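Student:
Residue numbers (the working numbering): 95 to 240.
1. Does the pairing of the region 98-107 with the region 150-161 give three or more beta-carbon distances under 8 Å?
2. For residue 235, is the classification buried or exposed, using 16 other Cβ atoms within 10 angstroms of its Cβ as the cut-off for buried?
3. With DSSP as the reference, label residue 198 as helix, strand or coil.
4. Between which residues of its own chain and residue 140 is the CB-CB distance below 8 Å, once the five residues before and five after are set aside?
5. How is the alpha helix (DSSP H) around residue 231 delimited, first residue to last?
6. Quick one: Cα of residue 165 to Cα of residue 177, how far?
7. Residue range of the beta strand (DSSP E) that residue 134 falls in?
8. Applying the 10 Å Cβ sphere with the 16-neighbour rule, what's the burial state of residue 171?
9. Which residues does DSSP list as the beta-bridge partners of residue 101?
10. May I ask you to report which of helix, strand or coil DSSP gives residue 224?
11. With a threshold of 6 Å on Cβ separation, who are the neighbours of residue 117 within its own chain once the five nearest residues in sequence on each side are excluded?
Written out as structure tokens, the structure is:
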């Protein structure tokens, strides 16, 4: 399969033939390809890119689908960066390189903190209150005295 630029209807037909077990719809394309920052998605051996809406409002969107270059010499890097600004800067630099075939971004929105102070400063809900982890434990698991 070479490069193909298709409107939404034809793209959905191609996807349904490539992956008949999946239910395909325009909403899926918009949520998983168009709404991503890089406007592309890797789907198994294919890359799908959003190309725009050339006819303007009310016209069909266009998409590009093509094979990923499968090469034994390819390397995959996983880079984890906590600072979002620096991650965006690195993404722009890597994407600009002519020898990079594709860049996939997976955002991890989990925020795990072992710092007790961060927990108690959360949105100021504990402000001016003498609350500690120990006082919460004592309140939650009170010992009944007779």
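A virtual CB, placed ideally from N, CA and C, is assigned to each residue, including glycine.
If you're wondering where the values come from, they're calculated on a predicted model, not measured in any experiment.
Tutor: This is what the structure holds:
1. yes
2. exposed
3. coil
4. 95, 112, 159, 160, 161, 162
5. 227-234
6. A caution first: residue 165 carries a pLDDT of 47, below 50, which makes its placement in the model unreliable, though a value can still be read off. Cα-Cα distance, rounded: 32 Å.
7. 134-137
8. exposed
9. 156
10. coil
11. none
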